[in-house]
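K.L.:
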Amino acid sequence: MTRKVRVVIAKLGLDIHWRGVYLVSQFLKDAGMEVVYLGNQFPEQIVEAALEEDADIVGLSSLSGNHMTLGPKVVRMLGEKGLDHVKVYMGGVMAPDDAAALETEHGIHKVFLPDTPMAKIVEHMYASVGIPRPQPQA
Amino acid sequence: MSAKKNPLFNESGIQQIETDHAAWFETTLGQADRAVEGRFFTHSGIPVKLLFTPADIKDLDYTQDLGFPGQAPFVRGVYPNMYRGRLFTVRQLAGLGAPEDCNLRIKYLLDHGATGVNILFDLPTIRGYNSDDPEAEGNVGACGAAVDSIWDIDAFFKDIDLGKVSTSIVTHLPSTSIVIPGMYFAVAEQRGTPWSRVAGTCQNDFIMETCVGSAPEILPPAASFRLQCDVVEWICKNVPRWNPISYNGYNLREAGTDAVQEVAIAISNAIATAEELIRRGMHIDDFAPRMSFFWDLHNDFFEEIAKCRASRKVWHRIMTERFGAKNQKSLLMRFHVQTAGVTLPATEPYNNIARSALQGLAAVLGGCQSLHIDSYDEAYSAPTEEAALISLRTQQIIQTETGIVNTVDPLAGSYYVEYLTDQMTQRITAAIGQIEDLGGLVKAVESGWLHREISAYNYKYQRSIETGETKVVGVNYQPAEKEACCSIDVFKYPETYTRQKAKLERLRGERDPRKVRECLAVIRDKCHSDENLYPYTIAAVKNLATLGEIEEVFREEFGLWAFPLY
Numbered sequence: 001m002t003r004k005v006r007v008v009i010a011k012l013g014l015d016i017h018w019r020g021v022y023l024v025s026q027f028l029k030d031a032g033m034e035v036v037y038l039g040n041q042f043p044e045q046i047v048e049a050a051l052e053e054d055a056d057i058v059g060l061s062s063l064s065g066n067h068m069t070l071g072p073k074v075v076r077m078l079g080e081k082g083l084d085h086v087k088v089y090m091g092g093v094m095a096p097d098d099a100a101a102l103e104t105e106h107g108i109h110k111v112f113l114p115d116t117p118m119a120k121i122v123e124h125m126y127a128s129v130g131i132p133r134p135q136p137q138a
Numbered sequence: 001m002s003a004k005k006n007p008l009f010n011e012s013g014i015q016q017i018e019t020d021h022a023a024w025f026e027t028t029l030g031q032a033d034r035a036v037e038g039r040f041f042t043h044s045g046i047p048v049k050l051l052f053t054p055a056d057i058k059d060l061d062y063t064q065d066l067g068f069p070g071q072a073p074f075v076r077g078v079y080p081n082m083y084r085g086r087l088f089t090v091r092q093l094a095g096l097g098a099p100e101d102c103n104l105r106i107k108y109l110l111d112h113g114a115t116g117v118n119i120l121f122d123l124p125t126i127r128g129y130n131s132d133d134p135e136a137e138g139n140v141g142a143c144g145a146a147v148d149s150i151w152d153i154d155a156f157f158k159d160i161d162l163g164k165v166s167t168s169i170v171t172h173l174p175s176t177s178i179v180i181p182g183m184y185f186a187v188a189e190q191r192g193t194p195w196s197r198v199a200g201t202c203q204n205d206f207i208m209e210t211c212v213g214s215a216p217e218i219l220p221p222a223a224s225f226r227l228q229c230d231v232v233e234w235i236c237k238n239v240p241r242w243n244p245i246s247y248n249g250y251n252l253r254e255a256g257t258d259a260v261q262e263v264a265i266a267i268s269n270a271i272a273t274a275e276e277l278i279r280r281g282m283h284i285d286d287f288a289p290r291m292s293f294f295w296d297l298h299n300d301f302f303e304e305i306a307k308c309r310a311s312r313k314v315w316h317r318i319m320t321e322r323f324g325a326k327n328q329k330s331l332l333m334r335f336h337v338q339t340a341g342v343t344l345p346a347t348e349p350y351n352n353i354a355r356s357a358l359q360g361l362a363a364v365l366g367g368c369q370s371l372h373i374d375s376y377d378e379a380y381s382a383p384t385e386e387a388a389l390i391s392l393r394t395q396q397i398i399q400t401e402t403g404i405v406n407t408v409d410p411l412a413g414s415y416y417v418e419y420l421t422d423q424m425t426q427r428i429t430a431a432i433g434q435i436e437d438l439g440g441l442v443k444a445v446e447s448g449w450l451h452r453e454i455s456a457y458n459y460k461y462q463r464s465i466e467t468g469e470t471k472v473v474g475v476n477y478q479p480a481e482k483e484a485c486c487s488i489d490v491f492k493y494p495e496t497y498t499r500q501k502a503k504l505e506r507l508r509g510e511r512d513p514r515k516v517r518e519c520l521a522v523i524r525d526k527c528h529s530d531e532n533l534y535p536y537t538i539a540a541v542k543n544l545a546t547l548g549e550i551e552e553v554f555r556e557e558f559g560l561w562a563f564p565l566y
């Protein structure tokens with residue numbers, strides 16, 4: 001039996017909008033992933049949790065403009081802990097140019113902007129980790 | 001209501017309609033239409049029939065149930081002449097960068113006909129941190145303006161007469177409402193404007209502090225509620241034209257509730273506040289006239305209009321029957337409206353101009369006192385100047401070109417709207433009763449009930465979008481074959497951190513550190529007393545204590561509360 005994909009997911013810093021990120025964590029659980037939702041956290045604590053939970057994926061939510069500073073900071077700090085294999089996903093409200101720059105210049109594996117169907121996020125995460133999605137129980 | 005009903009329709013007329021309606025349903029209506037009857041509901045779950053008739057509102061007593069505008073039960077509006085007398089205030093939000101940047105945006109909106117100011121803060125300010133605190137990294141001046149000290153409020157309103165403008169200060173949390181409006185009052189005093197002439201509103205809602213936003217550090221519900229009541233009590237006694245609380249259904253709705261819960265929770269908070277202030281020795285009519293509300297106008301057009309009308313009715317009933325209020329102003333519910341940001345997708349963003357205009361139209365048909373129409377670029381950033389101007393112009397079009405402001409409550413008498421208004425009234429009343437059964441709103445929040453409600457609502461709603469049951473045009477319904485957008489012009493926040501940091505350094509050099517320490521020590525001490533904290537926070541800001549320093553005292557003395565969901 002294959003193991004579950006492990007995801008650590010957090011709201012970045014002081015951002016207060018928890019609706020979207022909490023929903024994503026619920027839908028990832030529904031899709032058979034092991035999800036640790038940290039609530040609001042700063043980069044140091046997020047990286048620590050990724051280490052402790054042996055995460056495959058770190059998911060970060062930002063709807064308040066801190067994506068360009070704190071997102072890359074998480075990637076950098078993961079690298080410093082030897083966690084380069086952890087894939088960092090981001091989601092939230094941001095300019096399309098910023099989203100592109102996060103992916104191409106700052107080591108964010110994938111940014112999902114508003115209106116992304118949950119199914120697309122699930123599918124992308126399973127493909128990037130390379131663990132097959134468990135078949136729903138009949 | 002104990003008075004005997006005097007129904008508008010006579011019994012035999014209703015019987016005739018019911019008979020004819022049944023016949024019409026069986027003989028004139030097609031089989032396909034008959035088959036789907038019973039499957040339509042409003043967003044909050046009220047059954048919607050294909051056709052409404054007088055039979056659906058057969059008990060309607062015009063005088064008792066609707067009345068005249070400016071008279072009980074205020075369903076038709078809070079003022080006798082409504083918009084002929086006073087147009088709804090065009091109150092667009094302005095909040096970005098440093099206070100100096102915001103000052104320019106405020107003047108821009110005032111120069112283009114805005115009649116009120118609505119200022120919004122960045123997250124470090126909202127959550128009570130200084131711009132140079134490590135927690136603030138990445139958020140300074142984004143999504144709102146930074147405020148660290150009384151100097152910033154002065155800069156916000158440079159060349160603006162605080163005795164003339166009506167200002168809404170969007171301090172979400174009680175813990176910052178006891179500080180930032182205090183800075184505003186202190187600036188007014190320094191400029192020689194008496195507090196009797198200072199007008200405006202602050203938000204001050206403990207639900208914002210404990211449920212709507214999540215945060216690494218939040219105050220416990222009881223402490224946040226105490227600060228909320230301190231703010232209301234002190235402002236009612238000292239700044240008579242200021243609305244010390246705006247019960248924020250809006251952000252709660254955006255976080256995830258339906259229209260019924262939005263209103264029920266806001267009114268339950270008002271009930272809790274009233275009970276506490278009465279316990280402190282005030283009379284209901286000392287403070288109820290200054291309470292205001294803030295609604296979110298979502299997509300379900302008629303339900304939202306019915307919500308506005310019903311909320312006034314429920315409020316009137318609670319004020320008279322439960323609290324025995326006598327002052328006419330205590331009985332009428334005034335509310336600000338913002339259109340629903342949560343309904344605005346990033347896909348094909350110009351469509352949002354249409355969505356927001358329809359929601360704004362519903363707000364005016366619902367009789368709002370002031371309005372903010374969201375901008376089309378909501379899902380990308382704070383609005384650009386161009387986007388903000390379109391929102392302002394949308395309001396002006398509703399006010400001057402549609403003709404709907406010339407008569408009061410024009411949808412009254414619509415069988416559907418009156419049916420919905422009655423349904424909303426009943427459902428809001430029942431939801432308030434449910435919160436009472438949980439021991440009141442503070443206890444309900446402490447138990448985690450509201451967090452679970454929000455989470456369950458969101459999950460269900462998102463599922464309905466995923467399955468396509470809820471349709472979003474251009475997103476999951478008729479999506480464009482290739483992405484039409486996007487060369488959207490996105491607002492770039494001006495660099496703020498270094499400017500605020502330099503200002504804080506100068507402030508720390510110029511102030512008397514001993515006085516600041518003394519002021520903070522007094523606040524620390526008074527946190528554990530029954531005394532109102534407002535006089536002490538005002539003294540602290542006058543002596544140049546920063547927002548972050550005062551909030552740190554609250555965090556240390558009241559302790560922190562874990563978000564009760566995970």
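Taken in sequence, the protein lines are chains A and B.
So the first sequence is numbered by the working numbering: it starts at 1 and just counts up by one.
So the second sequence is numbered by the working numbering: it starts at 1 and just counts up by one.
Beta carbons: idealized from backbone N, C-alpha and C, even for Gly.
Check whether the segment 68 to 81 of chain A and the segment 136 to 143 of chain B touch, using three or more Cβ-Cβ pairs below 8 angstroms as the test.
P.N.:
Yes, the segment 68 to 81 of chain A touches the segment 136 to 143 of chain B.
K.L.:
Indicate whether the contact test is met: 3 or more Cβ pairs, each with one atom in the segment 263 to 271 of chain B and one in the segment 4 to 12 of chain B, closer than 8 angstroms.
P.N.:
Touching, no.
K.L.:
Using a C-beta cutoff of 8 angstroms, does Leu60(A) count as contacting chain B?
P.N.:
Locating residue 60(A) in the first sequence gives position 60, counting from the first residue. No, because no Cβ of chain B sits closer than 8 angstroms to the Cβ of Leu60(A).
K.L.:
Please classify Glu34(A): does DSSP put it in a helix, a strand, or coil?
P.N.:
Position 34 of the first sequence holds residue 34(A). Strand, per DSSP.
K.L.:
Given Tyr457(B), which residues of its chain have a CB within under 7 angstroms of its CB, disregarding the five upstream and five downstream residues?
P.N.:
Position 457 of the second sequence, counting from 1, holds the residue named residue 457(B). Excluding positions up to five away in sequence, the list reads Gly256, Thr257, Asp258.
K.L.:
Could you check what DSSP says for Ile169(B) in three-state terms: helix, strand or coil?
P.N.:
On the second sequence, position 169 is the one that residue 169(B) refers to. The answer is strand: DSSP assigns Ile169(B) an E or B state.
K.L.:
Taking only the alpha-carbon atoms, compute the straight-line gap between His316(B) and Leu66(B) and give it to the nearest angstrom.
P.N.:
Position 316 of the second sequence, counted from the first residue, corresponds to residue 316(B). Position 66 of the second sequence, counted from the first residue, corresponds to residue 66(B). Roughly 12 angstroms between the two C-alpha positions.
K.L.:
For the putative contact between Arg524(B) and Glu495(B), defined by C-beta atoms under 8 angstroms, what is the C-beta separation to the nearest angstrom?
P.N.:
The residue labelled residue 524(B) in the question sits at position 524 within the second sequence. The residue labelled residue 495(B) in the question sits at position 495 within the second sequence. Incorrect: roughly 35 angstroms between the Cβ atoms, too far for contact.
K.L.:
Quick check on Gly192(B): buried or exposed, where buried means 16 or more other Cβ atoms within 10 Å of its Cβ?
P.N.:
Taking the second sequence and counting its residues from 1, the one referred to as residue 192(B) is at position 192. Looking at its Cβ environment, which holds fewer than 16 other Cβ atoms inside 10 Å, Gly192(B) is exposed.
K.L.:
How should Lys11(A) be labelled, buried or exposed, when 16 other C-beta atoms within 10 angstroms of its C-beta is the threshold for buried?
P.N.:
Here residue 11(A) corresponds to residue number 11 of the first sequence, with the count starting at 1. Lys11(A) is buried by the Cβ-count criterion.
K.L.:
Taking buried to mean at least 16 other C-beta atoms within 10 Å of its own C-beta, is Tyr62(B) buried or exposed?
P.N.:
Within the second sequence, residue 62(B) is the residue found at index 62, counting from 1. Exposed, by the Cβ-count rule.
K.L.:
According to DSSP, which residues form a beta bridge with Ser62(A)?
P.N.:
Residue mapping note: residue 62(A) aligns to position 62 of the first sequence, counting from 1. Ser62(A) is bridged to Gly92(A).
K.L.:
Taking the C-alpha atoms as reference points, what is the distance between Phe206(B) and Phe301(B)?
P.N.:
The sequence position of residue 206(B) within the second sequence is 206, counting from 1. The sequence position of residue 301(B) within the second sequence is 301, counting from 1. Their Cα atoms are separated by approximately 29 angstroms.
K.L.:
Under 9 angstroms between beta-carbons, which chain B residues line up against Ile121(A)? List them in chain order, please.
P.N.:
On the first sequence, position 121 is the one that residue 121(A) refers to. Residues of chain B passing the Cβ test: none, with the nearest at roughly 11 angstroms.
K.L.:
Per DSSP, Val473(B) forms a beta bridge with which residues?
P.N.:
Here residue 473(B) is taken as the residue at index 473 of the second sequence, counted from 1. Answer is Tyr477(B).
K.L.:
Verify the CB distance criterion: does Gly256(B) have a CB-CB separation below 8 angstroms to chain A?
P.N.:
Locating residue 256(B) in the second sequence gives position 256, where the first residue counts as 1. Yes, contact with chain A.
K.L.:
Since I believe Asp230(B) is in contact with Leu543(B) (beta carbons under 8 angstroms), could you give me their beta-carbon distance rounded to a whole number of angstroms?
P.N.:
Counting from one through the second sequence, the residue named residue 543(B) turns up at place 543. Counting from one through the second sequence, the residue named residue 230(B) turns up at place 230. For the sequence presented, residue 543(B) should be read as Asn rather than Leu. So it is not a contact: roughly 20 angstroms between Cβ atoms.
K.L.:
How far does the alpha helix (DSSP H) with Gly27(B) in it extend, from its first residue to its last?
P.N.:
Residue 27(B) sits at position 27 when you count from the first residue of the second sequence. Note on residue identity: the sequence assigns Thr, not Gly, to residue 27(B). Thr27(B) -> alpha helix (DSSP H) spans 11 to 27.
K.L.:
Which residues in chain A have a C-beta closer than 9 angstroms to the C-beta of Pro564(B)? List them in chain order.
P.N.:
Sequence index remark: in the second sequence, residue 564(B) carries index 564 (1-based). Near Pro564(B) there are no residues of chain A at all, since even the closest Cβ is about 11 angstroms away, more than 9 angstroms.
K.L.:
Less than 6 angstroms between C-beta atoms, sequence neighbours within five positions excluded: which residues of the same chain meet that for Leu332(B)?
P.N.:
Taking the second sequence and counting its residues from 1, one reaches residue 332(B) at position 332. Phe74, Val78, listed in sequence order.
K.L.:
By alpha-carbon positions, which one of Val93(A), Ala100(A), Pro134(A), Lys81(A) ends up nearest to Val21(A)?
P.N.:
Here residue 21(A) refers to the residue found at position 21 when the first sequence is read from its first residue. The shortest Cα separation from Val21(A) among Val93(A), Ala100(A), Pro134(A), Lys81(A) belongs to Val93(A).
K.L.:
Taking Cβ positions only, does Val93(A) come closer than 8 angstroms to chain B?
P.N.:
Here residue 93(A) refers to the residue found at position 93 of the first sequence. Yes, Val93(A) lies at the interface with chain B (some Cβ there is under 8 angstroms from its Cβ).
K.L.:
Looking at Val356(B): is its Cβ nearer than 8 angstroms to the Cβ of Ser391(B)?
P.N.:
Translated into the one-based positions of the second sequence, residue 356(B) becomes position 356. Translated into the one-based positions of the second sequence, residue 391(B) becomes position 391. The sequence shown places Ser at residue 356(B), rather than the Val named in the question. Cβ distance < 8 angstroms, so Ser356(B) and Ser391(B) count as in contact.
K.L.:
Please go through the same chain and pick out, in chain order, the residues whose beta-carbon is closer than 7 angstroms to the beta-carbon of Ala444(B), but skip the five residues on each side of it.
P.N.:
Position 444 of the second sequence, counted from the first residue, corresponds to residue 444(B). Result list for Ala444(B): Ile435, Leu438, Leu450, in chain order.
K.L.:
Roughly how many angstroms separate the alpha carbons of Glu44(A) and Ala223(B), rounded to a whole number?
P.N.:
Position 44 of the first sequence, counted from the start, is the residue given in the question as residue 44(A). Position 223 of the second sequence, counted from the start, is the residue given in the question as residue 223(B). Computed Cα separation, rounded: 29 angstroms.
K.L.:
Hey, does Lys11(A) have any beta-carbon neighbour from chain B nearer than 8 angstroms?
P.N.:
Stepping through the first sequence from its first residue, residue 11(A) is reached at position 11. Taking Cβ atoms only, chain B reaches closer than 8 angstroms to Lys11(A), which makes this a yes.
K.L.:
Give me the chain B residues within the contact set of Gly32(A), using Cβ-Cβ distance strictly less than 7 angstroms, ordered along the chain.
P.N.:
Here residue 32(A) is taken as the residue at index 32 of the first sequence, counted from 1. Result: empty, since nearest Cβ-Cβ is about 16 angstroms, beyond 7 angstroms.
K.L.:
Is the segment 383 to 402 of chain B touching the segment 273 to 290 of chain B in the sense that three or more CB pairs, one from each, lie closer than 8 angstroms?
P.N.:
Cβ pair count under 8 angstroms is below three, so no.
K.L.:
Do three or more CB pairs link the segment 175 to 184 of chain B to the segment 537 to 554 of chain B at distances below 8 angstroms?
P.N.:
Counting Cβ pairs under 8 angstroms, three or more are found: they touch.
K.L.:
Residue ranges of each alpha helix (DSSP H) run of no fewer than 4 residues wholly in the segment 224 to 278 of chain B, ordered along the chain?
P.N.:
Segments of the alpha helix (DSSP H) lying fully in the segment 224 to 278 of chain B: 249 to 256.
K.L.:
Under the assumption that Val117(B) contacts Val165(B) (Cβ atoms under 8 angstroms), give the Cβ distance between them as a whole number of angstroms.
P.N.:
Within the second sequence, numbered from 1, the residue matching residue 117(B) stands at position 117. Within the second sequence, numbered from 1, the residue matching residue 165(B) stands at position 165. Correct: roughly 6 angstroms between the Cβ atoms.
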